[in-house]
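Converting from the sequence shown to the numbering used here requires adding 1 to each position, the first position being numbered 1.
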Amino acid sequence: MRSSFYSPTEGKILAVHKPADWTSFDVVNKIRRLTGIKKVGHAGTLDPFATGVLLICLGPATKKSASLMNLDKEYRAEIVLGQERDTMDVTGKVIAEAAVPELDVAGVDAALQSFVGRIEQEIPAYSAAKHQGKRLYKLARAGKEVPRLYKQVEIDEIERLSLEKDRLSIRVVCGKGTYIRTLARDIARKLGTAGYVNTLVRTRVGDYHLADAMTIEAVQAAMKSTEVSQ
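Shown next, in the form of structure tokens:
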């Protein structure tokens, strides 16, 4: 790989635009195959159904992954109101339904602002979090009881982008480890209904913006005429 793109001594932090239906590790494995670099990792999981900025660390830059995970993140999410799903997102099964009350922007904005600051979140049953050494999603998929676990997270900003009868789009700036799925469910409950995340885009991680992120296809094209020094 050209030295302007990758340094064997410094490595590379690559902002990739993760496509929908790819896991974060799918992206890691793809980049590893495309570049030929053996040491590749990511700095912050993005749910398979979600798209957007995924930071990929190449070579020596993998040592920076922990600090990169601490960067603030920005998301855009569309919440469908009136239903809850077991995964808290569009991929799950409907587990509850509720009527959607008449909502006005002032009331919605007030509800959103109530989540700004340090809050406690329930960790989704369908998540990679561990309990007694076991991934929660593995327990959930096996039909076993999943313990209710909670964590403290920091919400810096929430902004309403649009509001329709049964759909609310929001922009969220938050700290490490925030579950937007849980936030969406809790916002819907605050509004007197149910809800789940229909679409989720991570638009920024620190100073890495979606507009500057490379698609998988762009990375692949860049590799066609380069050689990797490991």
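Heads up, the beta-carbon is just placed ideally off N, CA and C, and yes, glycines get one too.
**Asked** Quick one, are the C-beta atoms of VAL198 and VAL91 less than 8 angstroms apart?
**Response** yes
**Request:** State yes or no: is the C-beta of LEU56 within less than 8 angstroms of the C-beta of VAL41?
**Result:** no
**Message:** In the DSSP output, which residue or residues are listed as bridge partners for GLU123?
**Reply:** TYR151
**Request:** Please state whether DSSP places MET215 in a helix, a strand or coil.
**Result:** Strand at MET215.
**Message:** For a quick check, are the C-beta atoms of PRO125 and THR194 less than 8 angstroms apart?
**Reply:** In this structure, THR194 does not lie closer than 8 angstroms to PRO125 by Cβ.
**Message:** Report the start-end ranges of each alpha helix (DSSP H) in the region 61 to 107 that is 4 residues or longer and not cut off at the edges.
**Reply:** 66 to 70
**Message:** Measuring alpha carbon to alpha carbon, tell me which residue in LEU15, PRO20, ALA62, ASP73 is nearest PRO254.
**Reply:** Given a span of 2 to 231 for the chain in the structure shown, any question on residue 254 remains unanswerable.
**Message:** Ignoring anything shorter than 3 residues, give me the beta strand (DSSP E) runs that lie fully in the region 132 to 186, in order along the chain.
**Reply:** 151 to 164, 168 to 175
**Asked** If we call anything under 8 angstroms between Cβ atoms a contact, is ILE188 one with PHE116?
**Response** yes
**Request:** Assuming ARG136 and ALA129 form a contact by the criterion Cβ under 8 angstroms, report the distance between their Cβ atoms to the nearest whole angstrom.
**Result:** 6 angstroms
**Message:** Quick check on LEU47: does DSSP put it in helix, strand or coil?
**Reply:** coil
**Item:** Identified DSSP bridge partners for ARG203
**Value:** Per DSSP, GLY53, TYR76.
**Request:** Thinking ALA185 and GLY178 are a contact (beta carbons under 8 angstroms), I'd like their distance in whole angstroms, please.
**Result:** With a Cβ gap of about 16 angstroms, ALA185 and GLY178 do not count as contacting.
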